[in-house]
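One structure is given below, encoded as structure tokens.
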Amino acid sequence: MVDVVIVGAGAAGIAAARRIAAAGRRYVVLEAADHVGGRCVTDTGIFGVPYDLGAHWIHTPNLNPLTKLGTRRGIEVYPAPASQKVRIGRRYAREGEMEDFLAAQVRADRAIIETARKADVACEQILPNDLGDWRPAVEFVLGPYTSGKDLRQVSALDFARAYERETDAFCRQGFGALLATRADGIKVKLSTPALAIDFRRNVTVETPNGEITARAVIVTLSTNVIAAGAVKFTPELAAGHLEIFSKLSLGSFDHVALELADNALGVESDDLIFEKSADKRTAAILANVGGTSLCLVQVAGTFGRELSAQGQAAMVDFAADWLAGLFGADVKKAVKRSHATRWNHDPLTLGAFSAAAPGWQKARRMLMQPVNDAVWFAGEALHEQLWGSVGGAWESGERSADAVLRRLGGVKEVPAAEVSPPGRLKERSPRTRQEEIGAAPGTFAR
Ligand SMILES: Cc1cc2nc3c(=O)[nH]c(=O)nc-3n(C[C@H](O)[C@H](O)[C@H](O)COP(=O)(O)OP(=O)(O)OC[C@H]3O[C@@H](n4cnc5c(N)ncnc54)[C@H](O)[C@@H]3O)c2cc1C
Numbered sequence: 528m529v530d531v532v533i534v535g536a537g538a539a540g541i542a543a544a545r546r547i548a549a550a551g552r553r554y555v556v557l558e559a560a561d562h563v564g565g566r567c568v569t570d571t572g573i574f575g576v577p578y579d580l581g582a583h584w585i586h587t588p589n590l591n592p593l594t595k596l597g598t599r600r601g602i603e604v605y606p607a608p609a610s611q612k613v614r615i616g617r618r619y620a621r622e623g624e625m626e627d628f629l630a631a632q633v634r635a636d637r638a639i640i641e642t643a644r645k646a647d648v649a650c651e652q653i654l655p656n657d658l659g660d661w662r663p664a665v666e667f668v669l670g671p672y673t674s675g676k677d678l679r680q681v682s683a684l685d686f687a688r689a690y691e692r693e694t695d696a697f698c699r700q701g702f703g704a705l706l707a708t709r710a711d712g713i714k715v716k717l718s719t720p721a722l723a724i725d726f727r728r729n730v731t732v733e734t735p736n737g738e739i740t741a742r743a744v745i746v747t748l749s750t751n752v753i754a755a756g757a758v759k760f761t762p763e764l765a766a767g768h769l770e771i772f773s774k775l776s777l778g779s780f781d782h783v784a785l786e787l788a789d790n791a792l793g794v795e796s797d798d799l800i801f802e803k804s805a806d807k808r809t810a811a812i813l814a815n816v817g818g819t820s821l822c823l824v825q826v827a828g829t830f831g832r833e834l835s836a837q838g839q840a841a842m843v844d845f846a847a848d849w850l851a852g853l854f855g856a857d858v859k860k861a862v863k864r865s866h867a868t869r870w871n872h873d874p875l876t877l878g879a880f881s882a883a884a885p886g887w888q889k890a891r892r893m894l895m896q897p898v899n900d901a902v903w904f905a906g907e908a909l910h911e912q913l914w915g916s917v918g919g920a921w922e923s924g925e926r927s928a929d930a931v932l933r934r935l936g937g938v939k940e941v942p943a944a945e946v947s948p949p950g951r952l953k954e955r956s957p958r959t960r961q962e963e964i965g966a967a968p969g970t971f972a973r
């Protein structure tokens with residue numbers, strides 16, 4: 528018997544385990560995959576250089592729980608460039624055009640934030656009419672690129688509550704590699720899925736290798752995995768409870784990674800490039816990642832979901848064609864190795880990150896309530912301001928661990944190094960056009 532079973536060794540599970548371990552409680556972490564990290568994992572085999580399959584941007588690094596306490600030797604965190612570019616066909620947007628684009632984003636942002644104070648409607652419903660021919664690009668940046676969903680599927684209140692992501696950083700070895708260092712010393716049973724959780728008396732978690740009994744369980748699975756019934760709960764979670772998970776379903780966001788010879792795009796290291804698009808068939812580029820020849824074409828939202836359903840080859844074809852349209856046909860000849868993530872099809876996640884359905888921002892807080900004082904949920908979806916991020920998942924894991932420790936009683940003092948200083952992250956507020964134009968465009972980093 529242990530005090531706490533933690534299901535899932537992504538950011539939330541690792542954070543919860545560190546907290547429980549620091550309090551001197553007995554715990555075990557069950558992870559279905561053969562590695563830790565979940566949606567924040569770095570591959571080095573496919574291209575021979577660090578390739579983040581999931582999270583890559585470290586938002587607000589001075590406050591991010593993954594970086595604010597420093598990193599270990601061999602892990603280098605460096606600032607993300609504070610600029611973005613826009614392609615208009617085969618050329619870059621000029622200064623005045625960039626101003627128009629950013630101003631259109633500010634008008635849309637402001638309209639959403641102001642309306643969200645009065646009603647939690649779909650973001651799309653309140654987009655201003657004066658976005659002109661920048662509308663599809665603005666819709667892409669604020670919808671699929673930020674939330675993994677089209678704006679008609681996104682709650683205005685959820686969007687408005689998200690903290691500003693003013694500065695960003697990257698990890699040279701990959702964000703997943705950084706997160707994995709935080710799991711050092713944590714007891715994780717890899718390749719050990721939780722199959723069933725019985726919380727009628729104490730908690731019994733069934734795995735393929737037998738049962739584990741505990742006084743409490745922290746479940747950090749994605750909302751889509753829980754809503755799909757991948758783990759059987761006894762007693763069953765009420766239908767209403769399951770519905771709340773589905774109101775925070777995961778959007779679609781994938782990386783199509785292309786290794787391009789000879790800097791075929793002619794861009795700088797870590798350049799972030801959008802397109803002045805005419806419709807939803809668009810993407811973003813993070814080019815020459817960390818100074819390598821790896822370019823990530825990021826596809827998201829309904830278009831990204833439909834594309835990923837067609838398989839890796841279709842995703843790579845789209846990315847190569849799309850880049851050729853923006854940078855010239857020679858780009859296609861420069862493609863060496865390629866890969867595409869398909870998070871919607873990974874049974875351990877079933878999507879990218881959560882976005883609340885219109886009217887359902889409240890679901891995030893509702894899910895923070897324990898069930899029977901025995902089952903706590905945690906993960907990115909249970910953070911009201913930092914949803915969809917590694918930092919949010921981490922803080923949610925810590926919060927649920929604290930709640931469990933209080934429930935178990937006899938809470939020991941947690942060492943200072945484990946405690947997050949109070950956040951000073953900024954609430955989202957409608958900014959002036961000038962402020963926005965001067966702001967670090969990393970605000971739109973994903
Ligand atoms: C393509 C993409 C890009 C992203 N970009 C960014 C970014 O730039 N910056 C950022 O901050 N965030 C980003 N995110 C979001 C971020 O990755 C997630 O918010 C965060 O990693 C979620 O952590 P979590 O612990 O809540 O969930 P997960 O990481 O999903 O952890 C849950 C764990 O549970 C495991 N599991 C599943 N089923 C079982 C079972 N039955 N038993 C045991 N274990 C199980 C899974 O394998 C997984 O390891 C991105 C995500 C994606 C997909």
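Final position of the sequence shown in this note's numbering is 973; the numbers increase by one with none missing. Backbone N, C-alpha and C define an ideal beta-carbon position, used for all residues, glycine too.
*Three-state secondary structure assigned by DSSP to R727*: Numbered from its first residue, the sequence shown carries residue 727 at position 200. Reduced to three states, the DSSP call for R727 is coil.
_Closer than 8 Å is the cut-off here; do at least three beta carbon pairs connect the stretch 765 to 776 with the stretch 804 to 818?_
no
_Within 10 Å of its beta-carbon, does M842 have 16 or more other beta-carbons around it, so buried, or fewer, so exposed?_
Stepping through the sequence shown from its first residue, residue 842 is reached at position 315. It counts as buried.
*Name the two residues that bound the continuous beta strand (DSSP E) containing W903.*
One-based indexing of the sequence shown puts residue 903 at position 376. It spans 902 to 904 - the beta strand (DSSP E) in which W903 sits, taken as one unbroken run.
*Below 6 Å CB to CB, which residues in the same chain sit around L717 once its five sequence neighbours on both sides are set aside?*
Along the sequence shown, one-based indexing puts residue 717 at 190. Cβ within range, chain order: E558, D561.
*On the three-state DSSP scale, how would you describe V946?*
As a working mapping, residue 946 is identified with position 419 in the sequence shown. With a pLDDT of only 43 at V946, under 50, the local geometry of the prediction cannot be trusted, and no value is derived from it.
*Cutoff 6 Å; reference T819; Cβ partners in own chain excluding five residues on either side*: In the sequence shown, counting from the first residue as 1, residue 819 sits at position 292. If we look at T819 and ignore the five residues flanking it on each side, its Cβ neighbours are V576.
_Nearest by alpha-carbon distance to A539: which of V862, G564, G936 is it?_
Counting from 1 along the sequence shown, the entry for residue 539 is found at position 12. Of the listed residues, the one whose Cα sits closest to A539 is G564.
_Distance check for Q632 and N815, CA to CA, integer angstroms please._
Position 288 of the sequence shown, counted from the first residue, corresponds to residue 815. Position 105 of the sequence shown, counted from the first residue, corresponds to residue 632. Between N815 and Q632, the C-alpha separation is close to 26 Å.
_Applying the 10 Å Cβ sphere with the 16-neighbour rule, what's the burial state of K774?_
Stepping through the sequence shown from its first residue, residue 774 is reached at position 247. Label assigned to K774: buried.
*asked:* Just verifying my parser: in three-state terms, what is the DSSP assignment at I713?
replied: Taking the first residue of the sequence shown as position 1, residue 713 is located at position 186. The answer is coil: DSSP assigns I713 none of H, G, I, E or B.
*asked:* Quick check on the DSSP output: the alpha helix (DSSP H) that includes Y605 runs from which residue to which?
replied: In the sequence shown, counting from the first residue as 1, residue 605 sits at position 78. Unbroken run through Y605 is the beta strand (DSSP E), 604 to 606; no alpha helix (DSSP H).
*When you compare only the Cα positions, how much space is there between V824 and R699?*
As a first step, residue 824 is located in the sequence shown; it is residue number 297 there, counting from the start. As a first step, residue 699 is located in the sequence shown; it is residue number 172 there, counting from the start. Rounded to the nearest angstrom, the two C-alpha atoms are 19 Å apart.
_Contact test: L557 Cβ vs ligand 1 heavy atom, cutoff 7 Å_ = Locating residue 557 in the sequence shown gives position 30, counting from the first residue. For L557, the CB falls within less than 7 Å of some heavy atom of ligand 1.
_For V746 and G793, what's the separation of their Cα atoms in angstroms?_
Counted from its first residue, the sequence shown places residue 746 at position 219. Counted from its first residue, the sequence shown places residue 793 at position 266. The straight-line gap from Cα to Cα measures roughly 45 Å.
*Got a sec? Which residues, its chain only, sit under 6 Å from F780 by beta carbon, not counting five neighbours each side?*
For the purposes of this step, residue 780 is identified with residue 253 of the sequence shown, where counting begins at 1. For F780, where only same-chain residues beyond five positions count, the Cβ hits under 6 Å are G675, A827, A879.
*Excluding the 5 residues preceding and the 5 following H583 in the sequence, name in chain order all residues of the same chain whose CB lies nearer than 6 Å to its CB.*
In the sequence shown, the residue the question calls residue 583 occupies position 56. Closer than 6 Å at Cβ, skipping near neighbours: F702.
*asked:* Using C-beta distances below 6 Å, list every residue in its chain close to A928, excluding the 5 sequence neighbours before and after it, in chain order.
replied: As a first step, residue 928 must be located in the sequence shown, where it is residue number 401. So the list reads A543, R546, I547, once near-sequence residues are dropped.
*Just mark S916 as buried or exposed, buried being the case when its beta carbon has 16 or more other beta carbons within 10 Å.*
Locating residue 916 in the sequence shown gives position 389, counting from the first residue. Looking at its Cβ environment, which holds 16 or more other Cβ atoms inside 10 Å, S916 is buried.
*At a cut-off of 7 Å, is A689 close to ligand 1 when judged by its beta-carbon and the heavy atoms of the ligand?*
For the purposes of this step, residue 689 is identified with residue 162 of the sequence shown, where counting begins at 1. No, Cβ of A689 sits at least 7 Å from all heavy atoms of ligand 1.
*Take N736 as the anchor and find which of A723, Y554, P874 has the nearest alpha-carbon.*
Here residue 736 is taken as the residue at index 209 of the sequence shown, counted from 1. Out of A723, Y554, P874, A723 has the C-alpha closest to the C-alpha of N736.
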